[in-house]
Amino acid sequence: MDGGHCPIGYSGRTVGRVAARDPRRLAESWSRTGALTVLTADRDDKLRSTLGLLAPGTALRDGLERILRGNTGALIVMGNDKVVESICTGGFPLDVEFSATRLRELAKMDGAVVLASDSTRIVRAAVHLMPDPSVPTEESGTRHRTAERVAIQSGFPVISVSQSMRIISLYVDGRRYVLDNSAAILSRANQALATLERYKLRLDEVAGTLSALEIEDLVTVRDSMSVSQRLEMVRRIADEIQRYVVELGTDGRLLALQLGELMAGVDDERELVARDYMPTGRRSRGLDQVLTDLNALSATELLDLTLVARAMGYSASPEALESAVSPRGYRLLAKVPRLPGAVVDRLVDHFGGLQKLLAATVDDLQAVEGVGEARARSVREGLSRLAESSILERYV
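Using the working numbering, the first residue of the sequence shown is number 219, and each one after it goes up by one.
Take a look at the structure:
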């Protein structure tokens with residue numbers, strides 16, 4: 219039987235890698251906490267890599283589409299180890315090279331199909347899966363309940379093809395993801411891309427304003443946090459589109475090109491703004507911790523500039539947002555052509571702030587290790603041009 223309940227996208231359930239290998243510990247933890255937590259980045263990476271194996275244009279996706287067109291169901295385990303072998307009964311070993319047609323024919327028989335971990339070989343077929351019944355599941359149909367339990371217990375992704383509902387469900391690390399066709403994914407991706415374009419336009423505006431304020435030494439915490447906020451918003455939309463690119467496979471080439479063009483330099487800008495405005499002091503945090511804290515903000519928290527400021531290391535109060543702050547100069551120096559990162563670091567360490575850099579003469583710049591006369595003139599002229607263009611863009 220197929221599961222009757224079919225929520226689209228992610229479920230709220232999370233499982234730990236260790237607990238997934240031990241169903242009793244999993245059940246105990248579940249009953250104690252209601253849900254388990256794992257590192258989101260690891261779980262998203264695993265889901266993304268699995269979706270890549272199932273993207274249109276791959277042999278596995280071709281096989282699944284053949285199963286749907288044949289109006290049959292299927293249960294496919296994407297990995298094999300001792301845990302999987304312990305819950306398998308019956309069936310027969312194959313160990314043959316994977317092909318879409320073979321998968322389609324084997325799915326006609328009762329039982330599950332077990333693939334190798336890289337999905338390049340079919341290991342077993344017509345297998346009856348008997349996962350631990352104490353592993354919790356919210357599914358109702360036999361096939362989907364089994365798929366979810368096997369995925370949790372083994373740690374391998376499991377695919378369930380519903381015969382009655384004609385959908386493909388993927389179970390990874392305790393959550394369910396329903397595969398859509400390319401047209402539906404492209405529609406959502408284009409909407410997200412339009413949103414990204416608007417966000418990027420607004421980011422360029424606030425970043426340009428910040429550059430002008432930096433030149434005039436009029437920056438407040440609010441100004442710098444507005445740029446950090448917009449950078450984080452843009453990055454999150456881009457991450458969502460990147461998942462669509464993975465899901466689309468060969469159909470996502472143009473989308474990937476558009477995404478790459480819009481996101482050029484954004485990740486570097488995010489890091490440079492953090493390096494410019496991180497508070498200094500004995501209790502200050504490192505760059506990696508600041509970026510991690512920004513990433514940890516929820517979508518709602520990201521709209522509150524005081525919480526963005528707290529993630530950066532400032533006081534989370536409205537008054538703190540109006541405090542004056544001076545950048546170190548990383549962001550503007552990064553715009554000077556052919557200036558190595560090591561030289562940028564030495565310039566910032568030597569002068570200590572952007573205003574002193576702007577006031578420095580060619581001789582002052584030459585006093586920094588690794589800066590000769592030609593490079594000093596290049597830096598001086600580059601900063602002067604940036605200052606002029608930033609002020610003109612703001613007032614003209």
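Glycine included, each C-beta is placed from N, C-alpha and C at the ideal position.
Given that a residue counts as buried once 16 or more other Cβ atoms are within 10 Å of its Cβ, and exposed if not, what is residue i?
i: arginine 361; result: buried
i: arginine 603; result: exposed
i: valine 439; result: buried
i: glycine 308; result: exposed
i: serine 378; result: buried
i: glutamine 409; result: exposed
i: threonine 645; result: The question about residue 645 has no answer here: the residues shown for the chain are numbered 219 through 614.
i: phenylalanine 310; result: exposed
i: alanine 560; result: exposed
i: glutamine 507; result: exposed
i: threonine 510; result: exposed
i: glutamate 479; result: exposed
Among the options, whose alpha-carbon lies nearest the alpha-carbon of residue i?
i: valine 543; options: Pro311, Ser442, Ser382, Asp422; result: Ser442
i: aspartate 494; options: Leu473, Asp469, Arg549, Gln409; result: Arg549
i: serine 337; options: Leu272, Ile386, Gln381; result: Leu272
i: aspartate 469; options: Glu323, Pro311, Glu606, Gly275; result: Gly275
i: aspartate 263; options: Leu466, Glu487, Val390; result: Val390
i: arginine 261; options: Gly571, Phe374, Met327; result: Phe374
i: leucine 475; options: Ala517, Glu519, Ala407, Glu489; result: Ala407
Which same chain residues, not among the five before or five after residue i, have their C-beta less than 6 Å away from its C-beta?
i: isoleucine 305; result: Leu347, Met348, Pro349
Below 7 Å CB to CB, which residues in the same chain sit around residue i once its five sequence neighbours on both sides are set aside?
i: isoleucine 609; result: Ala430, Ile433
i: threonine 364; result: Leu293, Leu347, Pro349
i: proline 241; result: Residue confidence for proline 241 is low, a pLDDT of 42 falling below 50, so the modelled location carries little weight and cannot support an answer.
i: alanine 318; result: Ala277, Asp280, Gly281, Arg284
With a CB to CB cut of under 8 Å and the five nearest residues on each side skipped, what residues in its chain are close to residue i?
i: tyrosine 417; result: Arg448, Met451, Val452, Ile455
i: arginine 420; result: Arg448
i: serine 596; result: Val554, Pro555, Arg556, Leu557
i: methionine 496; result: Ser502, Arg503, Leu505, Val508, Met530, Gly531
i: methionine 296; result: Thr268, Leu271, Leu333, Ser335, Ser337, Phe374, Pro375, Val376, Ile377
What is the C-beta distance between residue i and residue j, in whole angstroms, given that I count them as a contact (C-beta under 8 Å)?
i: leucine 404; j: tyrosine 395; result: No, leucine 404 and tyrosine 395 are not in contact; Cβ-Cβ is about 17 Å, not under 8 Å.
i: leucine 575; j: glycine 547; result: 5 Å
Opposite residue i in the DSSP bridges: which residues?
i: alanine 492; result: Answer is none; alanine 492 lacks a bridge partner.
i: phenylalanine 310; result: Ala343
i: glutamate 315; result: Arg339
i: valine 295; result: Val332, Val376
i: threonine 438; result: Ala542
i: serine 602; result: According to DSSP, serine 602 bridges with nothing at all.
i: tyrosine 417; result: None, per the DSSP bridge assignment.
Should residue i be counted as a contact of the ligand FAD given a C-beta to heavy atom distance under 7 Å?
i: glutamate 315; result: By its list of ligands, the structure shown contains no ligand whatsoever, and the ligand FAD lies outside what it can speak to.
Is residue i close to chain C? Criterion is C-beta to C-beta, closer than 8 Å.
i: glutamate 487; result: The structure shown contains no chain C; it is built from a single protein chain.
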